[in-house]
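Just so you know, the protein sequences line up as chains A and B, in that order.
The opening position of the first sequence corresponds to residue 0 in numbering that gives the first Met the number 0, with each subsequent residue numbered one higher.
The opening position of the second sequence corresponds to residue 0 in numbering that gives the first Met the number 0, with each subsequent residue numbered one higher.
In this text, a Cβ means the ideal position worked out from N, Cα and C, and glycines have one as well.
Structure record follows, encoded as structure tokens.
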Amino acid sequence: MTAAGEWGIWIVLYFWLAAMGGGAFLIALGLRDERAKRSGAFLAFLGIVIGALLLIVDLGQPARFWHLLVGFHPVSVMWLGSVVLALAGVGLFLLLVLREWPGWLVWATAILVLLVVGYTGVLLMATARPFWSASPLMPWIFLASAYTTGAALLVLLGNHEPQLRRVSLNFAVVEAILVAAHLIWVYPQATEAIRAMLTGELAWAFWGFAILGVALPVIMELQRRAEALAAVLVLLGGFLLRYFIVYAGQVGVLRF
Amino acid sequence: MANAKDYAILFDASHCTGCRACQVACKQWNDLPGEATENHGSYENPPSLSADTWLRMKFTEGVEGGEVFWDFTRDACMHCSSAACVESCPTAAVHYVEGGVVVVDQDWCIGCRNCVQACPYNAIHFDEGKGVVQKCTLCYDRVSNGLPPACVKACPTGALTTGTLAELEAAAQRRVAQLKAAGYPAANVYGLSEMGGTHVLYVLLKHPSTYGLPTGLATQRQKVTSGWLSAGIAAAVLGLAGTWWLSERREETGGDRS
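Written as structure tokens, this is what we have:
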């Protein structure tokens with residue numbers, strides 16, 4: 000049972016798309032291949048534009064979304080997130096249209112994209128929901144997952160640099176460890192949410208993430224099989240991760 | 000920041016009979032519809048606040064040492080001096096007005112529900128019909144015209160009183176001293192320090208946690224600061240790891256992949 004006006008599927012999809020695109024861009028910046036960098040920028044732009052539209056659709060008053068951009072409220076993580084989202088979109092757009100990338104623009108855009116990927120974890124931490132806020136690990140999990148899914152997305156789109164799969168799976172393992180640490184950490188304050196995840200209404204998403212999104216791709220990588228399928232599973236895992244995190248935070252908030 | 004002359008409400012649990020006249024008066028004055036609820040084994044109803052219920056009585060009941068206890072607390076917006084809803088609002092639609100009252104500008108709220116997630120008292124709620132959030136206004140329309148809030152006006156036992164913040168703080172302390180002398184050693188005032196101090200104060204007979212009230216709360220600023228700090232460390236650590244893994248040469252990874 001969750002509350003009226005819960006953060007629901009649009010938010011889950013936004014977290015997933017923006018992190019996947021943003022992660023792909025940040026990972027691609029670490030590659031030597033110029034084309035990979037460009038496709039990374041394109042993926043991040045796509046994720047951010049679609050994500051921003053999802054956020055607007057999710058508002059109770061979508062036509063008032065511009066109220067976000069006419070004030071200055073830096074303590075509000077939601078405000079800061081909206082502003083960096085808009086600025087990151089502008090930066091990526093410039094990168095896409097410019098033939099030569101000025102160094103400062105690449106740096107500025109990379110920092111903005113990193114903020115877009117990272118603020119979501121801070122947003123959840125700065126709430127009264129114990130599942131999100133009782134440990135400081137939400138930003139860690141979201142950042143790790145952004146790199147996991149971002150690298151997998153690049154693999155899926157035909158980048159065969161051998162380090163990419165390693166990066167994706169290393170981060171998948173880090174992410175799984177972080178999730179386990181988070182669950183143990185918040186268990187005393189968020190028992191009901193964790194029960195829902197392990198055995199209750201969110202179990203399908205949690206176990207789907209653990210088995211299909213982490214364990215199976217890691218085994219496939221060790222056996223060096225089905226590269227594309229493993230990448231698809233990693234992306235699915237990124238979605239399921241955000242699904243159970245967003246909903247678990249709101250378990251026990253009454254609706255009647 | 001709280002001022003001595005701010006509007007305030009004092010709830011004295013030792014005088015409350017749980018009649019819920021306040022709850023009904025709040026609905027009437029604010030034109031709020033009733034709720035369809037199901038019996039969940041308690042006279043407490045509805046089971047939580049909502050966009051249409053801005054004030055309710057919370058019943059804590061059980062058996063302790065063979066004695067039945069049935070305690071009542073007021074459940075509504077506390078009008079915090081350092082309010083999580085105000086500080087989390089990305090548009091300043093939720094804001095303080097003169098007298099320390101926290102209100103929502105219904106024409107400016109975008110319906111993002113960040114305040115709903117941030118409020119430690121679960122006192123602000125999303126109205127799906129209107130697309131904005133709603134909560135207790137401390138009857139700002141009444142108090143700013145010299146009238147007591149509707150809930151206070153309706154209270155038949157004097158459990159709810161109104162006055163300036165300084166007056167009520169003093170009254171609460173006096174009452175607690177009285178109760179302690181009368182054999183309630185755990186009597187205390189709630190709301191003096193929570194979230195920068197609240198404009199609704201409670202006189203309680205037992206520890207706040209026994210009524211389900213949160214204690215040891217961090218302010219929104221503290222939460223946001225530790226959030227960004229954690230994110231900064233995460234970005235550095237994971238960024239370094241990623242750079243390292245990306246730059247590792249193929250030979251070093253021991254792979255024969257091509």
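Sub-9 Å separation of residue i and residue j beta-carbons
i         : j         : result
Cys-135/B : Ala-122/B : yes
Gln-133/B : Asp-51/B  : yes
Gly-110/B : Gly-4/A   : yes
Gly-59/A  : Phe-125/B : yes
His-206/B : Ala-1/B   : no
Cys-79/B  : Val-93/B  : no
Gly-20/A  : Ala-51/A  : no
Thr-119/A : Gly-88/A  : no
Val-100/B : Val-142/B : yes
Per DSSP, the bridge partner or partners of residue i
i         : result
Asn-259/B : Residue coverage of chain B in this structure runs from 0 to 257, which leaves residue 259/B outside it and unanswerable.
Arg-55/B  : Asp-74/B
Gly-61/B  : Phe-68/B
Val-261/B : Examination of residue 261/B is not possible in this model, given that chain B is present from 0 through 257 alone.
Ser-49/B  : Thr-52/B
Thr-90/B  : Partner(s): none; Thr-90/B has no beta bridge.
Thr-197/B : Cys-79/B
Residue i versus residue j: straight-line alpha-carbon distance, rounded
i         : j         : result
Glu-193/B : Ala-83/B  : 11 Å
Leu-232/A : Gly-251/A : 30 Å
Glu-168/B : Leu-182/A : 41 Å
Gly-98/B  : Trp-78/A  : 26 Å
Leu-122/A : Leu-200/B : 29 Å
Glu-66/B  : Gly-149/A : 60 Å
Gly-40/B  : Arg-128/A : 26 Å
Pro-138/A : Gln-162/A : 24 Å
Leu-54/B  : Leu-203/B : 18 Å
Arg-63/A  : Pro-184/B : 52 Å
Asp-70/B  : Glu-60/B  : 6 Å
Leu-216/B : Ala-117/B : 12 Å
Leu-26/A  : Ala-214/A : The residue you asked about is not Leu; residue 26/A is Ile in the sequence shown. Rounded to whole angstroms, Ile-26/A to Ala-214/A spans 22 Å at the Cα level.
Gly-253/B : Gly-241/B : No answer about Gly-253/B holds up, because its pLDDT of 47 lies below 50 and its placement is not dependable.
Asp-140/B : Leu-239/A : 47 Å
Gly-182/B : Cys-21/B  : 28 Å
Gly-145/B : Thr-161/B : 11 Å
Gln-260/B : Arg-19/B  : Since the first residue shown for chain B is 0 and the last is 257, residue 260/B is missing from the structure and cannot be characterised.
Ala-88/B  : Ala-180/B : This sequence places Cys at residue 88/B; Ala is not what is there. Cα-Cα distance, rounded: 44 Å.
Ala-149/B : Arg-73/B  : 14 Å
Trp-28/B  : Val-151/B : 12 Å
Thr-1/A   : Gln-249/A : Summary for Thr-1/A: the model assigns pLDDT 43, below 50, so the residue's position carries little reliability; its value from the coordinates is reported in the next sentence. Between Thr-1/A and Gln-249/A, the C-alpha separation is close to 6 Å.
Met-77/B  : Asn-187/B : 17 Å
Leu-164/B : Trp-15/A  : 46 Å
Leu-67/A  : Ile-49/A  : 18 Å
Cys-154/B : Tyr-42/B  : 18 Å
Continuous beta strand (DSSP E) stretch holding residue i: start and end
i         : result
Thr-161/B : 159-163
Ala-181/B : Element bounds for Ala-181/B: n/a, residue is neither H nor E.
Val-264/B : Examination of residue 264/B is not possible in this model, given that chain B is present from 0 through 257 alone.
Asp-126/B : 124-126
Val-132/B : 131-133
From the options, residue whose alpha carbon lies closest to that of residue i
i         : options                                    : result
Phe-208/A : Tyr-242/A, Trp-184/A, Ala-195/A            : Tyr-242/A
Tyr-13/A  : Gly-46/A, Leu-156/A, Glu-174/A             : Gly-46/A
Ala-75/B  : Glu-60/B, Ala-91/B, Cys-88/B, Met-56/B     : Met-56/B
Gly-117/A : Glu-226/A, Val-74/A, Ala-18/A              : Ala-18/A
Val-11/A  : Leu-30/A, Val-56/A, Leu-28/A               : Val-56/A
Tyr-210/B : Val-85/B, Pro-148/B, Glu-166/B, Tyr-120/B  : Tyr-120/B
Leu-136/A : Thr-16/B, Leu-237/B, Lys-26/B, Gly-33/B    : Leu-237/B
Gln-188/A : Asn-169/A, Ala-133/A, Ala-204/A            : Ala-133/A
Asp-11/B  : Pro-147/B, Asn-29/B, Leu-228/B, Arg-174/B  : Arg-174/B
Gln-221/B : Trp-15/A, Ala-151/A, Ala-125/A             : Ala-125/A
Leu-155/A : His-72/A, Leu-234/A, Trp-65/A, Lys-36/A    : Leu-234/A
Val-85/B  : Tyr-189/B, Pro-45/B, Thr-218/B             : Thr-218/B
Ser-13/B  : Ser-81/B, Leu-159/B, Gln-105/B             : Leu-159/B
Val-166/A : Gly-29/A, Ile-244/A, Ile-8/A, Trp-203/A    : Gly-29/A
Gly-130/B : Cys-154/B, Ala-153/B, Pro-155/B, Asp-104/B : Asp-104/B
For residue i, the first and last residue of its enclosing alpha helix (DSSP H)
i         : result
Phe-205/A : 202-207
Phe-10/B  : Premise fails: Phe-10/B lies in the beta strand (DSSP E), 6-11, not in any alpha helix (DSSP H).
Ile-109/B : Unbroken run through Ile-109/B: none, as it is neither H nor E.
Glu-220/A : 215-221
Ser-75/A  : No alpha helix (DSSP H) contains Ser-75/A, which DSSP labels as neither H nor E.
Trp-184/A : 161-185
Val-294/A : Residue 294/A lies beyond the stretch modelled for chain A, which goes from 0 to 255, so this question has no answer here.
Trp-243/B : 219-246
Gly-215/B : Gly-215/B -> no alpha helix (DSSP H), and no H or E assigned at all.
Asn-29/B  : Careful: Asn-29/B lies outside any alpha helix (DSSP H) and carries neither H nor E.
Leu-155/A : 137-155
Val-252/A : First-last for Val-252/A: undefined, no H or E at that position.
Closer than 8 Å: residue i CB and nearest the ligand ZN heavy atom
i         : result
Leu-235/A : With respect to the ligand ZN, the structure shown offers nothing to examine, as it has no ligands at all.
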